[in-house]
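Asker: Below you will find the structure I want to go over with you.
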């Protein structure tokens, strides 16, 4: 019966990592709501958020909040630069070219980060220095609560951006009906540009939140990005709510799987889930506005 | 709310760009038409025409015609390429060159299979490194554990890869576009996880060592020169097979599937069967390549089959040009040489490599061969016009 005592603890750590997956997935969804592009370099934004904050904190010795803020701004600028230098010239290219170009950007960002900031895994101090809280039988690190709180605030922000502002509506219009958006005078390129900034910012914040709990190294972005993408597909591609649900579901399933299978297979779980969901319900749990239910 | 379906990949590669010979005709036609308006007698021989017609003729001798699938059989050019492949290692007898060309040959086999799947059938696969790995591990396990002759293991590798591709392809190939890419990528990652974790079978992260040289009936391919002829012999055989395949009924079915699956199924083609067949065939190619790779490197470790390797192979297909069979071989040669050149720069090699890839994708999205020919023709046409303009005749 010792297995069942671990379950609440695993559930909580799954919730924490699920929040991070949800943020990464939201980055994908933000871009896909503005265009039909999938940015495979999304995970690198997460990595860069953590690594640049570490550099500013330890190398330049800035105060923590200022370092985090500057890191987010820098990653947003990197997102803008990536759109201008790669995605904008390729705006009429086929899907395969876009996939390869964003994968190339992903290699570039991770290897350059390894070159500039060193290849050793990095960790940040937690936001608040109290010891773990005891809630009944499970111990909860305060950083996990910070992660959940920040995720919640970001979710509200992104919801308001996409559903309550003209900008969000314009972004969605430029993806779902490009011709209509053009007729209404919406600059689609500008919308994709802004979406890249937002998604880079969300990714960077996720990176700063996760680095105190898990180590961030120059190569950890790719896997995180893939899992975020899987979360977005799992919940329902192109939906904010789907991304959140998918993120938490993936995090919890992956964490619970530790109780039943050897820990080395943990990374495979996400991909098995991906293959299952793509086979049985490709539009995801909540359904997707972009995927035709009958044939796609 | 339903967004327009994305165009199948590969379609653009074939529609855009023009055949070199048509390009030459185009330039000549433009020249004669403009000279007609300028009242210049057409029969007049102008020496300056040689300036661009001679280099174009030379290029047409050397460069492969990118859009050959509708043409008959083999050309003299193919014999020329074959002669170059046979003679190159004898002329340039440097063991580093030989080894590099062996690797390029193995990558060319892999890229050839992938090109059938991506360039002709218009699908996307980011999981071909897994089939390469399956081939390599099958050979490694059979030869080191069970002392199976390498020649048998060579065939067993292709069979295993094809079998697994058949099982995997059935559910996966329902998908399209990004989701197909993601699913195949996921398959590759699962393969890596399984290889790393099942230590008893595959040796875990360390891998398997001491795989014997490839040998047929007691003849062992133990020098780089022999391996060169082995690898490029297999490339030539598979190239001839693929070339006949794409001109057969199956090949035309692939083109139809790439152009429009709905249209293809409406004229009675079994679309999913066609896609599955070519996926399995591509996997078998990858299995052969993996088997050769294991024999030549004499090790098999999971690091060789990671996502970075998949990106390299897909780039070979994309840069060579989709929808023709010379492309992947050219792309394999190009990228193998590029990687070798860059390896001098140690830790700077990956950033430089990625920047070069992105620049290639931005400036040559249809493949280097296709776009290069078009560019050359355009530049020469521009140059000819400019000369006329300067003389006040246009």
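Protein chains in written order, with the numbering used here: chain X, 305 to 600; chain G, -13 to 380.
Yeah, the Cβ is synthetic: ideal placement off N, Cα and C, and Gly gets one too.
1) Would DSSP call residue 286/G helix, strand or coil?
2) So, does the stretch 60 to 77 of chain G touch the stretch 234 to 254 of chain G, judging by three or more C-beta pairs under 8 Å?
3) What is the rounded straight-line gap between the Cα of residue 585/X and the Cα of residue 121/G?
4) If we define contact as Cβ-Cβ less than 8 Å, is residue 329/G a contact residue for chain X?
5) Could one say the Cβ of residue 310/X lies closer than 8 Å to chain G's Cβ atoms, at least one of them?
6) Could you please give the first and the last residue of the uninterrupted beta strand (DSSP E) stretch that includes residue 443/X?
7) With which residues is residue 205/G paired in a DSSP beta bridge?
8) Residue 480/X to residue 188/G, Cα distance in whole Å?
9) Mind checking residue 396/X: buried by the 16 CB within 10 Å criterion, or exposed?
10) Look at residue 149/G and residue 264/G and say whether their C-beta atoms are less than 8 Å apart.
11) Measure the alpha-carbon distance for residue 391/X versus residue 346/G and round it to whole angstroms.
12) Taking the CB atoms as reference points, tell me whether residue 322/G and residue 93/G lie closer together than 8 Å.
13) According to DSSP, is residue 195/G helix, strand or coil?
14) For the stretch 244 to 256 of chain G, which residues have a CB atom closer than 8 Å to at least one CB atom of chain X, in sequence order?
15) Suppose the cutoff is 7 Å on Cβ atoms and the five residues either side in sequence are ignored; what does the same chain contact list for residue 591/X look like?
16) Any idea if residue 438/X is buried or exposed, counting beta-carbon neighbours within 10 angstroms, 16 or more meaning buried?
17) Taking C-beta to C-beta, are residue 374/X and residue 360/X nearer than 8 Å?
18) With a cut-off of 8 Å, does the C-beta of residue 164/G fall near any C-beta of chain X?
19) In this structure, does DSSP put residue 579/X in helix, strand or coil?
20) Which one of 492/X, 452/X, 442/X and 512/X has the shortest CA to CA distance from residue 312/X?
21) How long is the line joining the alpha carbons of residue 21/G and residue 305/G, rounded to whole angstroms?
22) Check the C-beta distance from residue 167/G over to residue 112/G and give it rounded, since I have them as a contact under 8 Å.
23) Any idea which residues DSSP pairs residue 610/X with across the strands?
24) Note down the Cα distance separating residue 460/X from residue 157/G, rounded to an integer number of angstroms.
25) Which residues in the same chain as residue 81/G place their Cβ atom closer than 6 Å to its Cβ, once the five residues preceding and following it in sequence are excluded?
26) Step through the CB atoms of chain G and report whether any lies within less than 8 Å of the CB of residue 458/X.
27) What residues in the stretch 388 to 416 of chain X have a beta carbon less than 7 Å from any beta carbon of chain G?
28) On the DSSP bridge list, what partners appear for residue 520/X?
29) Below 8 Å on the Cβ atoms is my contact criterion, and I expect residue 452/X with residue 358/X to pass it. Report the Cβ-Cβ distance as a whole number of Å.
30) Using a Cβ cut-off of 7 Å, pull out every chain G residue sitting near residue 486/X, in sequence order please.
31) If we ignore side chains and look at the alpha-carbon of each, how far apart do residue 547/X and residue 221/G end up?
32) Under the three-state reduction of DSSP, which class applies to residue 326/G: helix, strand or coil?
33) Under 7 Å, CB to CB, which of the residues in the stretch 296 to 311 of chain G have a partner in chain X?
34) Using CA coordinates, which residue listed in 354/G, 276/G, 161/G and 376/G is at the minimum distance from residue 99/G?
35) Could you have a look at residue 339/X and say whether DSSP puts it in helix, strand or coil?
36) Just verifying my parser: in three-state terms, what is the DSSP assignment at residue 571/X?
Answerer: Here's the rundown:
1) strand
2) no
3) 31 Å
4) no
5) no
6) 442 to 444
7) 202/G
8) 47 Å
9) exposed
10) no
11) 14 Å
12) yes
13) strand
14) none
15) 540
16) exposed
17) yes
18) yes
19) helix
20) 442/X
21) Caution is warranted here: a pLDDT of 46 is assigned to residue 21/G, below 50, making its placement in the model unreliable, and no coordinate value can be reported.
22) 5 Å
23) There is simply no residue 610/X to check, as chain X begins at 305 and stops at 600 in what is shown.
24) 37 Å
25) 210
26) no
27) 390, 393, 394, 397, 398, 399, 400, 401, 403, 404, 405, 407, 408, 409, 411, 412, 415 and 416
28) 426/X
29) 22 Å between Cβ atoms; not a contact.
30) Those within 7 Å of residue 486/X in chain G number zero; the least Cβ separation is about 14 Å.
31) 45 Å
32) helix
33) 297, 300, 301 and 304
34) 276/G
35) coil
36) helix
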